[in-house]
Amino acid sequence: MLVALGGIWLAWAVYVKRLVDYEQLYQRFKPLHTLFKEQFFTEKLYHKVLAEGYLLAARDLYTVFERIAIDGFINWLSSAVVKAGEFLRVIHAGKLNWYVFGLTVGLCVIAFILVATIAGGG
Numbered sequence: 652m653l654v655a656l657g658g659i660w661l662a663w664a665v666y667v668k669r670l671v672d673y674e675q676l677y678q679r680f681k682p683l684h685t686l687f688k689e690q691f692f693t694e695k696l697y698h699k700v701l702a703e704g705y706l707l708a709a710r711d712l713y714t715v716f717e718r719i720a721i722d723g724f725i726n727w728l729s730s731a732v733v734k735a736g737e738f739l740r741v742i743h744a745g746k747l748n749w750y751v752f753g754l755t756v757g758l759c760v761i762a763f764i765l766v767a768t769i770a771g772g773g
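Written out as structure tokens, the structure is:
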């Protein structure tokens, strides 16, 4: 309460009665004025520490995720396709007897599954 009354008295003395020169008072307390005007520099501190820190961490995490997860998966997938192509190149020799053999084996597997399912009661 005493501080509030002191502030009221100071405002009255400076602005109403002109007992103290406003410019002289301003120059004397300029650092304090700047501190209050800039709200104790909390916004600048927040921006420097939290906002820029968050953006830096997000950029680094994105880079790590991009290199490890995305690039790793794409590289693995492309090498798997190349290996599958190499394997199929060996099997796919252009000879009709291999195609008939593969078709026969596939039909036998399907027939076995159907018989096992029907005989098993399922």
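Under this note's numbering, the first residue of the sequence shown is numbered 652, with each subsequent residue one higher. No residue lacks a Cβ here, since even glycine has one placed at the ideal position from N, Cα and C.
Under the assumption that Ala664 contacts Val671 (Cβ atoms under 8 Å), give the Cβ distance between them as a whole number of angstroms. 6 Å
Proximity test, Ser729 beta-carbon vs the ligand ATP heavy atom, cut-off 8 Å: Here there are no bound small molecules, and the ligand ATP is not part of this structure.
What residue does the alpha helix (DSSP H) around Asp722 start on, and which one ends it? 722-742
Under a three-way DSSP split, which group does Arg710 fall into? helix
Val764 lies in the alpha helix (DSSP H); which residues open and close that run? First, the residue type needs correcting, since residue 764 is Ile and not Val in the sequence shown. Per DSSP, Ile764 belongs to the alpha helix (DSSP H) from 747-770.
DSSP three-state assignment for Leu670, whether helix, strand or coil: coil
For Phe680, three-class secondary structure by DSSP: Looking at Phe680 - three-state DSSP - the assignment turns out to be coil, as it is neither helix nor strand.
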